[in-house]
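Data first, discussion second: the structure below is written as structure tokens.
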Amino acid sequence: MDNIAGHKSGLSWVTNISVVVLVVLWLIPTVGLFVSSFRERDQISVSGWWQAPFSVELTYRTRGDGEVRPVDGGYVMEGNIFDTGEVRSSFEGGASTVSAFGDRGVAPAEYPAGTVAEIGDGETLQVNADGTYIYTSVEEPGNRGPRVYFEAETPPQFTLDNYRNVLTADGMDRAFINTLTVTIPATVIPILIAAFAAYALAWMDFPGRGLLIALVVGLLVVPLQLALVPMLNLHQRLGIGQSFLGIWLAHTGFGLPLAVYLLRNYMVGLPRDIIESAKVDGATDFQLFVKIILPLSFPALAAFAIFQFLWTWNDLLVAKVFLPSDDASKVMTVKIADDLLGSRGGDWGILATAAFVSIAVPLVVFFTMQRFLVRGLLAGSVK
Amino acid sequence: MAPRAGFVSLKGFYMPVIVQGLLTIVIGVGGCIGYFYLSNLLLDKVIFPAKGENAGRNINRANQIRPWLFLFPAIFALGLYLVYPVVGSFWRSLYGRSPSDWVGFDNYVQLAASNEFQQAFFNNLLWVIVVPAMATFLGLLVAQLTDKLSWGNIAKSLIFMPMAISFVGASLIWKFVYANDADIGLINAIRASLGFGNPIDVMQIPFWNNFFLMVILIWIQTGFAMVILSAALRGIPEETIEAAILDGANPWQLFFRIKVPQIMGTIVVVWTTITILVLKVFDIVYTMTGGNFGTEILPSYMMDFMFRDDGRATAVAFIIMIVVLPVMIWNIVQARKEMR
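The following block contains the structure:
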């Protein structure tokens, strides 16, 4: 139709480019997290994730450990800096290039590669770009070689170490299982309760129906914050306390308004003929519901299930209040927000990895079931 | 026999939690089906059997009661978890730190006088104005731009993606943009490449740090606005657009004069939905700044008192409720109009 207006080509270029720009802007932060989760701690702190595919200059510290030979007027130690014990593991992937070296931690790159440096007490040190080093001393150096600092180009390295750390050492495995444990019952249970109620509100006639629907619409927006103190106190009086049972109940209660509202909106739109002919054939309301309404409402049920799953998986507030704060029952969001950000605030690799572990499942659910999610959103917004 | 937290605190003892979870599903689902089935059976066969001399009357009576059988679990849970707390929170807010210490409206008076509360309220006001406006605007923009694009669905799906990410996860993602280090934070890297020497911590710039936090929520919510508005745009009857084009409307006029007025209702819905959300989300402020540097908002301010001073916490919660109230009433009025 834009053809008619005669603006097609120019405008469509602008459109395409602006959408590309928007999509890139939207993706950059997530890509940064994803890339960072595969980088080594040292690399993260010296170069941005956008430089991840390129080499970086890293500073290393080692100690010469070659054979000491007596020569005229002193002693000599020769070898390759990349083979010395303290840094060998970093260069297993192949040698690198030394750009500068030094003998003091405060000036680790004091001398350019290849120079012969006087390092005092009649000692000299020379480190070449290819890593070979020559150390000379007038006196017998003893059994410890010289301390050497050097800067070398390090090829880009990607590693799964962060994932290994996060999943084994940091308690994220436990948190992952806890999240799963909170999420599944909290998704399944409200569905059934809501489905029956939605059927009654959609297809049964009784006084007060309009009022109840209005109540559900009103409850959709009640801030959760109100429920925290009274419900936690009630749970404590009932002996549930802060526990998994408590959070399942809480999520069930908090998820119900949306569930009832969504399902009722969908069920009301089901064809009246089917329902009436089933009634004429003698089906009871219960049979009608189980055999006809439930199967037909599958898209709405799926939509709500995805919503509730994402919401409970991603929730921080309810978990902080209704679950105990000990390590054994922390869910991932609490773990990240309270433990990792607090105590390991500087360890970006671990943070990125933990975040990515926690968003991986929702992302999979999102991309595989987007169709249902969109349908649910469209039905769920008050028109 | 309530499963207690202590039950799962043994080290390396994962199974019980999962078993509990599975058991809860079985009990929950089985219990629901059992309840609905048995209560219907009881109603039809025992209390009001559809036979004998009163068969006709009994069927009628049973059908009058049945809706309430279907509704009971939902009404019970809603009443307990959402209606009771409104009253319960208000009542609790009239007491001090200890639940037996009646203070009347003291909590509210002290809140109103405290600088922190005023700051939180003001910041929340900023959030309520900026976030829904920006998210709706960007959502509408993307919806319109991708409408006729061959790869529009892929673009939409990518912009929609942050909806799946938790607020905590999103905050961490944005830490990699905002970090106070040119080798980690994108903003400081860009500054460095433009020649600014020292990195800045955008989370500590007074006043403007609020906007940097808002960007995170806008980033998440634009997808939501886009999906709904995109469907609304598709729902506009072709004839009106064709007529406008034949009358010589240019694309701008077409969009602002023809399309936007027709989807105004949906825009308002998206706007209010995001507004409500803004009043609930404490995660972003909590993870990014912990409410420091003048970024406190009401939900995060409330969590400062949670577990410390229930009276003050419930007072803040009730104030949030009062702020939400107009939207709630508007929603109910709209829904009732819709039903008639």
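So the protein lines, in turn, are chains A and B. Residues in the first sequence are numbered consecutively from 2, following our numbering. Residues in the second sequence are numbered consecutively from 7, following our numbering. By construction, the Cβ of each residue, glycine as well, lies at the ideal position given by its N, Cα and C atoms.
Candidates G49(A), R64(A), G65(A), D66(A): closest to E58(A) by CA position: The residue you call residue 58(A) lines up with position 57 of the first sequence. Of the candidates G49(A), R64(A), G65(A), D66(A), the one whose C-alpha sits nearest the C-alpha of E58(A) is G49(A).
is_contact[A304(A), chain B] using C-beta, thresh 9 Å: Along the first sequence, one-based indexing puts residue 304(A) at 303. Not one chain B Cβ lies under 9 Å of A304(A).
Strand pairing of T71(A), partner residues [DSSP]: In the first sequence, counting from the first residue as 1, residue 71(A) sits at position 70. Here the sequence assigns Pro to residue 71(A), which means Thr is not the residue at that position. Paired residue(s): Y76(A).
Collapsed DSSP secondary structure at V333(B) in the structure displayed: By one-based count along the second sequence, residue 333(B) stands at place 327. Helix.
Contacts that S172(B) makes with chain A (C-beta to C-beta distance below 8 Å): Numbered from its first residue, the second sequence carries residue 172(B) at position 166. Neighbours of S172(B) on chain A, chain order: W314, N315, D316, L317, T334, S359, I360, P363.
Three-way DSSP call (helix, strand, coil) for N204(B) in this model: Taking the first residue of the second sequence as position 1, residue 204(B) is located at position 198. Secondary structure of N204(B) (DSSP, three-state): coil.
Proximity of L235(B) and L178(B) at Cβ, strictly below 9 Å: On the second sequence, residue 235(B) is found 229 positions in, with the first residue counted as 1. On the second sequence, residue 178(B) is found 172 positions in, with the first residue counted as 1. No, the Cβ-Cβ distance between L235(B) and L178(B) is not below 9 Å.
Residue interval of the beta strand (DSSP E) (run including R98(B)): For the purposes of this step, residue 98(B) is identified with residue 92 of the second sequence, where counting begins at 1. Run containing R98(B): none in the beta strand (DSSP E); it sits in the alpha helix (DSSP H), 90–99.
Contact set between D189(B) and chain A, taken where Cβ atoms lie within less than 8 Å: Start at 1 with the first residue of the second sequence, and residue 189(B) comes out as number 183. Residues of chain A passing the Cβ test: I45, S46, V47, S48, G49.
Start-to-end residues for the beta strand (DSSP E) that takes in V1(A): The displayed coordinates of chain A run from 2 to 384. Any statement about residue 1(A) would go beyond what the structure contains.
Segments assigned alpha helix (DSSP H), at least 4 residues, entirely inside the stretch 173–223 of chain B: 173–184, 192–199
Opening and closing residue of the beta strand (DSSP E) in which R148(A) lies: What you label residue 148(A) is simply residue 147 of the first sequence in a count that begins at 1. Element bounds for R148(A): 148–155.
Local conformation of F338(A) per DSSP, three classes: Counting from one through the first sequence, the residue named residue 338(A) turns up at place 337. Checking the displayed sequence, the identity of residue 338(A) turns out to be Ala instead of Phe. In the structure shown, A338(A) sits in a helix (DSSP, three-state: H, G or I).
CA nearest to the CA of A199(A), picked from I45(A), F35(A), F305(A): What you label residue 199(A) is simply residue 198 of the first sequence in a count that begins at 1. It is F305(A).
Contact with chain A by W133(B), beta-carbon distance below 9 Å: To locate residue 133(B), count along the second sequence from 1; it is residue 127. Cβ-Cβ to chain A under 9 Å: no for W133(B).
Residue environment, F308(A), which counts as buried when at least 16 other CB atoms sit within 10 Å: The count along the first sequence starts at 1 and reaches residue 308(A) at position 307. Classification for F308(A): buried.
Proximal residues to V261(A) (C-beta, below 8 Å), its chain only, five neighbours per side dropped: Along the first sequence, read from residue 1 onward, the residue named residue 261(A) stands at position 260. Cβ within range, chain order: A195, A198, A199, L202, V217.
I135(A) (DSSP reduced to helix, strand or coil): As a position in the first sequence, residue 135(A) is number 134, starting the count at 1. Three-state DSSP puts I135(A) in a strand.
Alpha-carbon spacing of L259(A) relative to G201(B), whole angstroms: As a position in the first sequence, residue 259(A) is number 258, starting the count at 1. As a position in the second sequence, residue 201(B) is number 195, starting the count at 1. L259(A) and G201(B) have their C-alpha atoms roughly 51 Å apart.
C-beta contact flag for G115(A) and V128(A) at 9 Å: Position 114 of the first sequence, counted from the start, is the residue given in the question as residue 115(A). Position 127 of the first sequence, counted from the start, is the residue given in the question as residue 128(A). It is a contact, given that the beta carbons lie within the stated cut-off.
Residue-chain proximity (K292(A), chain B), Cβ-Cβ < 9 Å: Along the first sequence, read from residue 1 onward, the residue named residue 292(A) stands at position 291. No - not a single Cβ of chain B is within 9 Å of the one on K292(A).
is_contact[P296(A), chain B] using C-beta, thresh 9 Å: As a first step, residue 296(A) is located in the first sequence; it is residue number 295 there, counting from the start. By this cut-off, P296(A) is not an interface position.
DSSP state of F245(A) mapped onto helix, strand, coil: Here residue 245(A) refers to the residue found at position 244 of the first sequence. Of the three classes helix, strand and coil, the one that applies to F245(A) here is helix, per DSSP.
Cβ shell of I241(A) (< 6 Å), same chain only, five flanking positions each side left out: Taking the first residue of the first sequence as 1, we reach residue 241(A) at position 240. Hits under 6 Å: G247.
Bridge partners - W74(B), DSSP secondary structure assignment: Here residue 74(B) is taken as the residue at index 68 of the second sequence, counted from 1. According to DSSP, which records beta bridges pairwise, W74(B) is partnered with nothing at all.
Outcome for Q237(A) when other beta-carbon atoms lying within 10 angstroms are tallied against a minimum of 16: Against the first sequence, residue 237(A) aligns to sequence position 236. So Q237(A) ends up on the exposed side.
Three-state secondary structure (DSSP) of N81(A): Taking the first sequence and counting its residues from 1, the one referred to as residue 81(A) is at position 80. Secondary structure of N81(A) (DSSP, three-state): strand.
Any C-beta of chain A under 9 Å from that of F217(B): Position 211 of the second sequence, counted from the first residue, corresponds to residue 217(B). Cβ-Cβ to chain A under 9 Å: no for F217(B).
Inter-residue CB distance, W225(B) and W27(A) (contact presumed, cutoff 8 Å): Numbered from 1 along the second sequence, position 219 holds the residue referred to as residue 225(B). Numbered from 1 along the first sequence, position 26 holds the residue referred to as residue 27(A). Between W27(A) and W225(B) the Cβ distance is about 7 Å, and since that is below 8 Å, they are a contact.
8 Å Cβ shell around P231(A) - same chain, five flanking residues per side excluded: On the first sequence, position 230 is the one that residue 231(A) refers to. There are no such residues.
Status (buried if at least 16 other CB within 10 Å, exposed otherwise) for P79(B): Looking up residue 79(B) in the second sequence gives position 73. By the 10 Å Cβ count, P79(B) comes out buried.
Status (buried if at least 16 other CB within 10 Å, exposed otherwise) for A118(B): For the purposes of this step, residue 118(B) is taken as the residue at position 112 of the second sequence. Exposed is the call here.
Alpha carbon of T125(A) to alpha carbon of D43(A), nearest angstrom: As a first step, residue 125(A) must be located in the first sequence, where it is residue number 124. As a first step, residue 43(A) must be located in the first sequence, where it is residue number 42. When rounded, the distance between both Cα atoms is 30 Å.
Pairwise C-alpha distance: I120(A) and T60(A): Start at 1 with the first residue of the first sequence, and residue 60(A) comes out as number 59. Start at 1 with the first residue of the first sequence, and residue 120(A) comes out as number 119. Spanning the two alpha carbons is a distance of roughly 19 Å.
Simplified DSSP state of A380(A), which is helix, strand or coil: Counting from one through the first sequence, the residue named residue 380(A) turns up at place 379. Correct three-state label for A380(A): helix.
Beta strand (DSSP E) segment containing V128(A), residue limits: Position 127 of the first sequence, counted from the start, is the residue given in the question as residue 128(A). Element bounds for V128(A): 125–128.
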